[in-house]
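Trainee: With positions in the sequence shown counted from 1, the corresponding number in the working numbering is that position plus 39.
Idealized CB from N, CA, C, for every residue including glycine.
One structure, pasted below without further comment.
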Amino acid sequence: MNRRKLNQLLGINLLRFFLLCTAMFLIIFLYVIFSKGWGVISWEFLSKSPRKFMTEGGIFPAIVGTFWLTILSIAISFPLGIFTAIYMTNYAKPKWLIRIVRIAVNTLAGIPSIIYGLFGLTVFVRLFHCDVSMLAGSLTLAILVLPVIINNAEEAIRSVPSNFIEASLALGATQRQTILKVIIPTALPSILTGTIISIGRVAGETAPILFTAATFYTRRLPKTVMDEVMALPYHIYALLTEGAHANKQIPIAYGTAVVLLALVLFVSAIAIIIRYRMRKKRKW
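See below:
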């Protein structure tokens, strides 16, 4: 065996080793969380409000709060991200402006989430007088996930074959018509896949809602966007750090983690299915 084949064999085996390590860590992680939290899961746990200082009952208000925070934040960030990506790929001039905007977007994507929480507290809660509410939390989460949606949408739009665009323009369509009738429909599957993955990230964030939306305990469901809410990630944090009955609250925290993890895995599975089906259609 010559040296070139030996290096190739070593490289492939090294990649296999890293793959096995990653899979092993994932299996261990899932086993620990599910083994400690699965026994808490029941219909009452999913459908009832917490009671007796969160030592009994369920997490239904936290599930509802997480649902509304996620829906509102994506409803805000999705159109902003799409419009920004369209502008960046089709209208933005000169080139130095595009570079500055892209650097700004990439910088926002790398900022720690706790900084977004402090930003939301300063701007939305205090400056705009939104108080601690779903609105303030949703706006903060929307800004957090906006760079991800912009980058994903921009890549999806750039992946549209140039001959599609040239054919549309050659047939007499305007640039606006080409964007609406050709570019967006073609890029939409990839855009939606990235957005669905972003939903999983939004649902699991704790720091951005720590100062802007979440409350330690409430039995009431939110009625308006100005109400504060319970949320699954903050509920886990509160049970593990502020609870006075650790022997009862820690299992509830693990059960909440199982629900949150199942939600994120479910959303990721939807993204994988959508990607697979769209690729299959493209092959045909």
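1) Which whole-angstrom value is the C-beta distance of threonine 217 and leucine 227, which I expect to be below 8 angstroms?
2) State the Cα-Cα distance for the pair arginine 316 and glycine 233, rounded to the nearest angstrom.
3) Could you give the DSSP three-state label for tryptophan 323: helix, strand or coil?
4) For glutamate 95, does the three-state DSSP call read helix, strand or coil?
5) Just curious, the alpha helix (DSSP H) that asparagine 41 is in, first and last residue?
6) Assign alanine 285 to buried or exposed, taking buried as 16 or more other Cβ atoms, counted over all protein chains shown, within 10 Å of its Cβ.
7) What's the C-alpha gap between leucine 59 and isoleucine 66?
8) Below 7 angstroms CB to CB, which residues in the same chain sit around isoleucine 123 once its five sequence neighbours on both sides are set aside?
9) I think methionine 173 touches valine 268, with their Cβ atoms under 8 angstroms apart; what is that distance to the nearest whole Å?
10) How close, in whole Å, do the beta carbons of isoleucine 238 and valine 298 come, if the pair is a contact with beta carbons under 8 angstroms?
11) What distance in whole Å lies between the Cβ atoms of leucine 180 and isoleucine 248, which are believed to be in contact at a cut-off of 8 angstroms?
12) In angstroms, rounded to a whole number, what distance separates the CA positions of leucine 178 and serine 88?
13) Out of Gly50, Arg42, Phe203, which one is the CA nearest neighbour of isoleucine 223?
14) Going straight from the alpha carbon of leucine 157 to that of valine 144, what length do you get?
15) So, using beta-carbon positions, are lysine 75 and proline 290 closer together than 9 angstroms?
16) Which residues does DSSP pair with valine 268 in a beta bridge?
17) Should isoleucine 275 and alanine 242 be called a contact, given that it needs their Cβ atoms to be closer than 9 angstroms?
18) Grouping DSSP H, G and I as helix and E and B as strand, with all else coil, what is proline 151?
19) Give me the Cα-Cα distance between phenylalanine 92 and valine 199, rounded to the nearest whole angstrom.
20) Between the Cα of alanine 253 and those of Leu69, Gly176, Asn191, Tyr130, spot the shortest distance and give me the residue it belongs to.
21) With isoleucine 98 and phenylalanine 84 assumed to form a contact (beta carbons below 8 angstroms), what rounded beta-carbon distance in angstroms separates them?
22) Output yes or no for whether 9 angstroms exceeds the beta carbon distance between alanine 192 and isoleucine 125.
23) Take leucine 278 and list the residues in its own chain whose beta-carbon comes closer than 8 angstroms to its own, dropping the five residues that flank it on each side.
24) Can you list, in chain order, the residues of its chain whose CB lies under 7 angstroms from that of leucine 260, leaving out five sequence neighbours each side?
25) Over the uninterrupted alpha helix (DSSP H) stretch that includes proline 340, give me the two end residues.
26) Can you give me the C-alpha to C-alpha distance between glycine 50 and phenylalanine 56, rounded to a whole angstrom?
27) Thinking C-alpha only, which one of Met265, Arg314, Trp77 is nearest alanine 195?
28) Compare the Cα-Cα distances from valine 79 to each of Glu95, Phe68, Arg90, Tyr70 and report the closest residue.
29) Kindly indicate which residue of Phe117, Leu45, Val187, Leu111 has the alpha-carbon position closest to the one of methionine 265.
Mentor: According to the data block:
1) Incorrect: roughly 15 angstroms between the Cβ atoms, too far for contact.
2) 15 angstroms
3) Low confidence applies here, because tryptophan 323 scores a pLDDT of 49, under 50, leaving its location unreliable and the question unanswered by this model.
4) strand
5) Element bounds for asparagine 41: n/a, residue is neither H nor E.
6) exposed
7) 10 angstroms
8) Rather than isoleucine, the amino acid found at residue 123 in this sequence is threonine. So the qualifying residues of the chain are Ile189.
9) 6 angstroms
10) Going by Cβ atoms, the distance from isoleucine 238 to valine 298 rounds to 15 angstroms, so no, they are not a contact pair.
11) 7 angstroms
12) 26 angstroms
13) Phe203
14) 19 angstroms
15) yes
16) Ala253
17) no
18) coil
19) 54 angstroms
20) Gly176
21) 7 angstroms
22) yes
23) Met93, Gln288, Ile289, Ile291, Ala292, Thr295
24) Pro100, Val103
25) Residue 340 lies beyond the range of the chain shown here (40 to 323); nothing can be said about it.
26) 10 angstroms
27) Arg314
28) Glu95
29) Leu111
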